[in-house]
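Per UniProt numbering, the very first residue in the sequence shown carries number 1; after that it's consecutive.
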Amino acid sequence: MLALLIFLAVFAPAPLLAIVLLAGRLRDAVRRGGAGALAARTGAAWRNGFRRPLWLGLIAVAVTAGLATFGLERWYLTIAADGPELGFDPVLLSLVLGLLAAFVCAVLVGAASAAVARARGFGAGTVAGLLALVALAAGTAAAHLPLRAAYLAEPGAFPTVGNLGAGDLLIPFDIFFGALIWALPWPVLGAALGSRIETPGRPRRVRDVWQLLLDLAITDLPESRAAWGSALQSELAAIDPPAERRRFALGGVWAAVRSGRPHGAWVQAAAVALVVAAGCYAASRWSLSHGRSGILAYWTGFPSVLLFAVTLASAWRNRSFGSGLRVGVLGGISAMVAVLAVSIPEAVVWANERAGYLSTGDAVPPTWQAAVLDVVRPEFLVAMLVFWIPGVVGGAAIGTALGRRPAENVTVTPPVNTA
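And the structure:
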């Protein structure tokens with residue numbers, strides 16, 4: 001049951017929402033102009049999503065990805081066999097960091113799609129985001145595949161790691177490519193966010209990058225702050241000197257990012273902490289009495305589902321992705337504090353009971369200090385983030401879509417004059 005909830009909270013929201021958004025856009029395009037107009041708009045989207053200066057950016061993405069992959073792989077090979085000396089598992093840490101990197105790339109691609117969509121429309125933003133993913137994968141593959149070929153040809157020239165099978169040394173980087181598939185919906189989501197308030201057929205004119213940044217920052221403000229955001233746009237439009245425009249826009253972006261925390265966000269964060277702490281204690285004692293298999297699955301799974309539900313409810317109530325995200329971030333911080341606050345003393349209990357490490361239940365820690373250090377191993381902390389962050393973002397996205405849908409379909413009936 002928990003595995004199904006994790007799938008629904010972590011992996012399903014982004015693809016599901018992207019399919020719904022894309023289907024709605026295609027349906028509206030066909031209704032407005034028929035299949036011929038859809039083909040023309042698709043061609044225009046491809047041209048606008050690639051024309052200068054975007055193709056220069058795609059080249060930069062590919063080169064940067066290749067150089068980063070080259071450097072990270074060489075660094076990984078230098079530490080892969082040094083796990084016992086380092087105090088953590090470099091292979092496992094690299095694997096979860098690769099998954100986290102794939103998610104970060106998805107978010108960055110979504111932000112780039114939103115920026116292009118703000119200037120050139122939804123279709124161009126989607127195409128630009130997809131091409132950015134292709135450039136990212138191409139640059140990474142250009143650096144990774146020669147190393148993999150050399151490893152397969154002469155594995156003896158590479159470090160040997162005891163807990164890995166033959167041919168598995170580079171598995172963290174292989175998994176990164178698979179995780180990039182999950183990033184495919186994000187160009188659609190980013191483009192939909194960037195073009196949300198665009199007038200159909202008349203994209204908002206973008207004067208410079210500072211206007212673009214400010215537009216994106218205030219796009220998703222709660223309704224109570226929408227007038228303030230519009231005032232910021234008007235003030236920026238009245239400023240001409242580039243240096244002043246830059247200072248004003250950056251100040252407005254910072255103020256927009258900091259504002260908009262929903263009422264009661266700290267109460268929700270405290271509630272998340274209490275629920276996670278109680279669940280962590282219960283999971284530890286249940287596992288201690290039934291098989292002693294550890295609670296790593298609880299650390300990664302249950303808070304993900306809880307954060308998904310909390311952020312979905314907040315975004316739905318406030319009709320704002322940013323509001324849901326702010327609640328999710330506070331909830332995630334409180335959940336991490338709760339996990340550590342309960343798990344550290346529970347790890348000592350497990351050590352005293354000779355029950356093994358609290359995380360996985362395997363082996364018996366030599367000292368209680370070793371049991372405590374196992375709780376805060378970097379690979380476990382990053383693994384929690386890998387599951388929690390998509391739950392927060394997915395809940396905020398789904399909640400925003402559900403919250404705005406009724407409002408878009410409301411028909412306002414003018415009052416009848418009975419005088």
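In this text, a Cβ means the ideal position worked out from N, Cα and C, and glycines have one as well. Given the structure is predicted, the values throughout are model-derived calculations rather than measurements.
Problem set entry | C-beta contact flag for Ala191 and Ser314 at 8 Å | Taking the first residue of the sequence shown as 1, we reach residue 191 at position 191. Taking the first residue of the sequence shown as 1, we reach residue 314 at position 314. No, Cβ-Cβ distance for Ala191 and Ser314 is not below 8 Å.
Exercise. What three-state label does DSSP hand His290 in the structure shown?
Worked result: Here residue 290 is taken as the residue at index 290 of the sequence shown, counted from 1. Reduced to three states, the DSSP call for His290 is coil.
Exercise. Which same chain residues, not among the five before or five after Ile239, have their C-beta less than 8 Å away from its C-beta?
Worked result: Working through the sequence shown from its first residue, we reach residue 239 at position 239. In the same chain as Ile239, and ignoring 5 residues on each side of it, the C-beta atoms closer than 8 Å to its own belong to Arg245 and Phe248, in chain order.
Exercise. Does the separation of the CB atoms of Pro13 and Ile389 fall below 8 Å?
Worked result: The sequence position of residue 13 within the sequence shown is 13, counting from 1. The sequence position of residue 389 within the sequence shown is 389, counting from 1. Using a Cβ distance threshold of 8 Å, Pro13 and Ile389 do not count as a contacting pair.
For this session: Keeping to the same chain, check which residues put their C-beta closer than 8 Å to that of Tyr281; ignore five residues upstream and five downstream.
Result: Residue mapping note: residue 281 aligns to position 281 of the sequence shown, counting from 1. The answer, listed in chain order, is Val342 and Glu346.
Exercise. Which residue from Ala65, Leu306, Cys105 and Ala183 puts its Cα closest to that of Thr140?
Worked result: Translated into the one-based positions of the sequence shown, residue 140 becomes position 140. Residue Ala65 holds the alpha-carbon nearest to the alpha-carbon of Thr140 among Ala65, Leu306, Cys105 and Ala183.
Problem set entry | Where the alpha helix (DSSP H) containing Asn352 begins and where it ends | For the purposes of this step, residue 352 is taken as residue 352 along the sequence shown, with counting starting at 1. Segment Phe321 to Asn352, the alpha helix (DSSP H) holding Asn352.
Problem set entry | Between the CA atoms of Gly251 and Val275 - distance to the nearest angstrom | Start at 1 with the first residue of the sequence shown, and residue 275 comes out as number 275. Start at 1 with the first residue of the sequence shown, and residue 251 comes out as number 251. Straight-line Cα distance between these residues: approximately 37 Å.
Problem set entry | Completely contained beta strand (DSSP E) runs for the stretch 131 to 202, where each covers 3 or more residues | Counting only runs that start and end inside the stretch 131 to 202, there is no beta strand (DSSP E) element of at least 3 residues.
For this session: Can you give me the start and stop residues for the alpha helix (DSSP H) that Pro242 sits inside?
Result: Taking the first residue of the sequence shown as 1, we reach residue 242 at position 242. Counting along the chain, the alpha helix (DSSP H) containing Pro242 begins and ends at Pro242 to Arg258.
Exercise. To the nearest whole angstrom, what separates the beta carbons of Leu17 and Ala383, a pair I think is in contact under 8 Å?
Worked result: Taking the sequence shown and counting its residues from 1, one reaches residue 17 at position 17. Taking the sequence shown and counting its residues from 1, one reaches residue 383 at position 383. Actually they are not in contact, since the Cβ atoms of Leu17 and Ala383 sit about 25 Å apart, beyond 8 Å.
For this session: Pick helix, strand or coil for Ala23, following the three-state DSSP scheme.
Result: The residue you call residue 23 lines up with position 23 of the sequence shown. Here Ala23 sits in helix by DSSP.
Exercise. Assuming Pro15 contacts Gly110 under a Cβ cut-off of 8 Å, what Cβ separation, rounded to an integer in Å, is found between them?
Worked result: Taking the first residue of the sequence shown as 1, we reach residue 15 at position 15. Taking the first residue of the sequence shown as 1, we reach residue 110 at position 110. For Pro15 against Gly110, the beta-carbon gap comes to about 13 Å, at or over 8 Å, which does not count as contact.
For this session: Look up Asp89 in the DSSP assignment and say whether it is helix, strand or coil.
Result: Here residue 89 corresponds to residue number 89 of the sequence shown, with the count starting at 1. In the structure shown, Asp89 sits in coil (DSSP, three-state: anything other than H, G, I, E or B).
For this session: Tell me, please, whether the CB atom of Leu147 is closer than 8 Å to any CB atom in chain C?
Result: Here there is only one protein chain, and chain C is not present.
For this session: Please look up how many angstroms separate the CB atoms of Val272 and Gly391, rounded, as I've assumed it's under 8 Å.
Result: As a working note, residue 272 is residue 272 in the sequence shown. As a working note, residue 391 is residue 391 in the sequence shown. Cβ-Cβ separation between Val272 and Gly391: approximately 12 Å, too far for a contact (criterion under 8 Å).
Exercise. Cα separation between Gly331 and Gly33?
Worked result: As a working mapping, residue 331 is identified with position 331 in the sequence shown. As a working mapping, residue 33 is identified with position 33 in the sequence shown. Taking the straight line from one Cα to the other gives about 45 Å.
Problem set entry | Collapsed DSSP secondary structure at Leu232 in the structure displayed | Numbered from 1 along the sequence shown, position 232 holds the residue referred to as residue 232. DSSP, reduced to helix, strand and coil, places Leu232 within a helical segment of the structure shown.
Exercise. Can you list, in chain order, the stretches of the beta strand (DSSP E) that have 3 or more residues and sit fully within the stretch 355 to 387?
Worked result: Taking only runs of at least 3 residues, no beta strand (DSSP E) segment lies wholly in the stretch 355 to 387.
For this session: Evaluate contact between the stretch 84 to 102 and the stretch 159 to 171, counting only Cβ atoms and requiring at least three cross-stretch pairs below 8 Å.
Result: Touching, per the Cβ criterion.
Exercise. Residue range of the alpha helix (DSSP H) that Asp82 falls in?
Worked result: For the purposes of this step, residue 82 is identified with residue 82 of the sequence shown, where counting begins at 1. The continuous stretches of alpha helix (DSSP H) do not include Asp82, and DSSP gives it neither H nor E.
Exercise. Excluding the five sequence neighbours on either side, which residues of its own chain have a C-beta within less than 8 Å of the C-beta of Glu288, listed in chain order?
Worked result: By 1-based counting over the sequence shown, the position of residue 288 is 288. For the sequence presented, residue 288 should be read as Leu rather than Glu. Hits under 8 Å: Val349, Trp350, Glu353 and Ala355.
Exercise. Mapping DSSP to helix, strand and coil, what is Gly66?
Worked result: Indexing the sequence shown from 1 puts residue 66 at position 66. Note: Gly66 maps to helix in three-state DSSP.
Exercise. Span of the alpha helix (DSSP H) holding Pro53?
Worked result: In the sequence shown, the residue the question calls residue 53 occupies position 53. Pro53 -> no alpha helix (DSSP H), and no H or E assigned at all.
For this session: Determine the DSSP secondary structure at Gly264, reduced to helix, strand or coil.
Result: Numbered from its first residue, the sequence shown carries residue 264 at position 264. Gly264 falls in the coil class under three-state DSSP.
Exercise. With a Cβ-Cβ cutoff of 8 Å, do Val386 and Leu99 count as a contact?
Worked result: Counting from one through the sequence shown, the residue named residue 386 turns up at place 386. Counting from one through the sequence shown, the residue named residue 99 turns up at place 99. Using a Cβ distance threshold of 8 Å, Val386 and Leu99 count as a contacting pair.
Problem set entry | Nearest-angstrom Cα separation, counted from Ala62 out to Gly121 | On the sequence shown, position 121 is the one that residue 121 refers to. On the sequence shown, position 62 is the one that residue 62 refers to. Each residue's Cα considered, the two are about 24 Å apart.
Problem set entry | Whole-angstrom distance between Gln233 and Ala226, CA atom to CA atom | As a working note, residue 226 is residue 226 in the sequence shown. As a working note, residue 233 is residue 233 in the sequence shown. The straight-line gap from Cα to Cα measures roughly 11 Å.
Problem set entry | Buried versus exposed, by CB contacts within 10 Å (16 or more), His290 | Position 290 of the sequence shown, counting from 1, holds the residue named residue 290. Classification of His290: exposed, given that the 10 Å Cβ count is below 16.
Exercise. Leaving out the 5 sequence neighbours to the left and right, which residues in its chain are closer than 7 Å to Asn417 when beta-carbon positions are compared?
Worked result: Translated into the one-based positions of the sequence shown, residue 417 becomes position 417. With a pLDDT of 43 at Asn417, under the threshold of 50, the modelled position of this residue cannot be trusted, and the question is left open.
For this session: Give the C-beta separation of Ala81 and Thr160 to the nearest angstrom, bearing in mind that I take them to be a contact with Cβ-Cβ under 8 Å.
Result: Reading the sequence shown from its first residue, position 81 is the one you call residue 81. Reading the sequence shown from its first residue, position 160 is the one you call residue 160. Right, their Cβ atoms sit about 6 Å apart.
Exercise. If we count Cβ pairs, one from each stretch, closer than 8 Å, do we get three or more for the stretch 134 to 150 versus the stretch 64 to 78?
Worked result: Counting Cβ pairs under 8 Å, three or more are found: they touch.
Problem set entry | Cut-off 7 Å between Cβ atoms - residues of its own chain near Arg202, not counting five sequence neighbours on either side | Walking along the sequence shown from the start, residue 202 turns up at place 202. With a pLDDT of only 45 at Arg202, under 50, the local geometry of the prediction cannot be trusted, and no value is derived from it.
Exercise. DSSP on Pro15, reduced to helix/strand/coil?
Worked result: Indexing the sequence shown from 1 puts residue 15 at position 15. If DSSP states are grouped into helix, strand and coil, Pro15 belongs with the helices.
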